[in-house]
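To convert, note that position 107 of the sequence shown is 107 in my numbering; the numbers rise steadily by one, no gaps. Cβ coordinates follow ideal geometry from the N, Cα and C atoms, glycine included.
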Amino acid sequence: MAKVKLEHIKKIYPNGFEAVKDFSLDIEDEEFVIFVGPSGCGKTTTLRMIAGLEQLSEGELWIDEKRMNDVEPRDRDIAMVFQSYALYPHMSVYDNMAFALKLKHIDKKIIEEAVMHAADILNLKELLKRKPSQLSGGQRQRVAMGRAIVRNPKVFLMDEPLSNLDAKLRVQMRSEIYKLHQRLKATIIYVTHDQTEAMTLGTRIVVMDKGEIMQQDTPMNLYHRPQNCFVAGFIGSPQMNFIETLCMIDENQVYLMHQGQSFEVSSYLKEKLIKGNYHEKEVILGIRPEDLKIQAVSQNSIQGKIIIKELLGYETSVRMAFYEKEITAMVSSEEVIHMDHELKLYLDMNHVHLFDAQTKQAIAHAVDADLDVKGRNN
Ligand code: ATP
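The following block contains the structure:
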């Protein structure tokens, strides 16, 4: 398997559109890296440049120690799995999987071993004689994976491989891909716009927007320490609530004011706001729906009318009007919640996030208070 290095890569399409801007990333051997981001942010373009299906406009691409900019796709030792599966309809499952090796004139016996090995991993042994039209979506997807595995490539590239499957199969195939990575110890680069896939599969996630990397980090760091409002809003479902506040610092007291209501932050966040000279500046208070609690506490709580409630099973998603905003909370389904009634929600200040309203960059995350005491390991 292999390391992949992208250095200051740019893609400008012939019509002048800059789809990828100064993209740099080091992917280690055996990593499972996910490119995630909204539609049109440049995920597929970046993947296609790695595959050699798109020319780089600028920058350098390395696989292991070899510069790949001008290497033909077939010589890059990469296998790509597409959303559409791209199986040959007239060929059996076996032949679909064997095809790439046959083209290389590899010995028949070795091809058979490789196909049987992949079929074994993917539970396809019973289906080898069938044609793609005789398979379910999930089975076709497994054949597409099998075709990539038999090539034993240095790098697997996967472009939304599960998006044509229904929700149940997607969950099933997601864990298959996870196990596959564990088993093959492969370097995988995987594109999705589904953040659940990103969070559950990736050892590292690259969050993109408008052709740029907004943050690249472990799933847990993206959730607990989003570097900016974009990542904070993109990772997590339902998405983080943002409350625009004015920061007031009076000697050692710090308040975040919204519509005459004040929030008092922890001493760790206070210190960050004082050091950052945030007096009379706008600060965005970010709180995830799961960090809002139904509790009879007057301090640091917000009140409003319930406008939507969605029972999701174990939890209920509640949307509440709060001045001109809507705030979403995830609460236990055991709570009795009535539409149009007033609800009071307590903000767990140990889990809030502060962002500079001008730059949209993170000022601090309350969760880091403990780490600050113990000393962060980075
Ligand atoms: P999605 O999640 O919708 O697949 P994506 O993040 O994979 O989106 P890309 O397919 O990489 O996005 O496209 C990035 C941007 O480049 C989009 O705005 C798209 O319209 C544009 N684009 C893609 N191909 C071309 C092309 N051949 N010429 C001009 N612009 C293009």
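Nonlocal neighbours in the same chain, by C-beta distance under 7 Å from residue i, ignoring five residues either side
i	result
residue 322	302, 304
residue 44	159, 191
residue 3	27, 28, 29, 64
residue 48	54
residue 229	242, 284, 355, 360
residue 122	142, 145, 146
Contact set for residue i: own chain, Cβ-Cβ below 6 Å, skip 5 residues either direction
i	result
residue 25	6
residue 259	323
residue 281	247
residue 373	Since pLDDT at residue 373 reaches only 49, below the 50 mark, its modelled position is unreliable, and the value read off the structure follows with that caveat. Within the same chain, residue 373 has no close Cβ partners at all.
residue 289	238, 328, 329, 330
residue 14	none
Proximity below 8 Å, CB of residue i to CB of residue j
i	j	result
residue 56	residue 9	yes
residue 155	residue 101	no
residue 193	residue 20	no
residue 189	residue 33	yes
residue 381	residue 162	In the structure as shown, the chain begins at 1 and stops at 378. Residue 381 is therefore absent and cannot be evaluated.
residue 201	residue 287	no
Helix, strand or coil at residue i according to DSSP, with G and I counted as helix
i	result
residue 85	coil
residue 286	strand
residue 358	coil
residue 222	helix
residue 377	Confidence is the limiting factor: at residue 377 the pLDDT is only 45, short of 50, which leaves the residue's position unreliable and the question unanswerable from this model.
residue 106	coil
residue 173	helix
residue 384	Nothing can be reported for residue 384: it is not among the residues displayed for the chain, which extend from 1 to 378.
Counterpart residues of residue i in DSSP-defined beta bridges
i	result
residue 270	Residue 270 pairs with nothing; no bridge assigned.
residue 155	78, 187
residue 247	256
residue 365	353
Neighbour-count burial assignment, residue i, 16 or more Cβ in a 10 Å radius
i	result
residue 366	buried
residue 353	buried
residue 216	buried
residue 299	exposed
residue 257	exposed
residue 86	exposed
residue 196	exposed
residue 297	exposed
Cβ neighbours of residue i in the same chain (closer than 8 Å, five flanking residues each side left out)
i	result
residue 88	95, 96, 99, 132
residue 272	354, 363, 364
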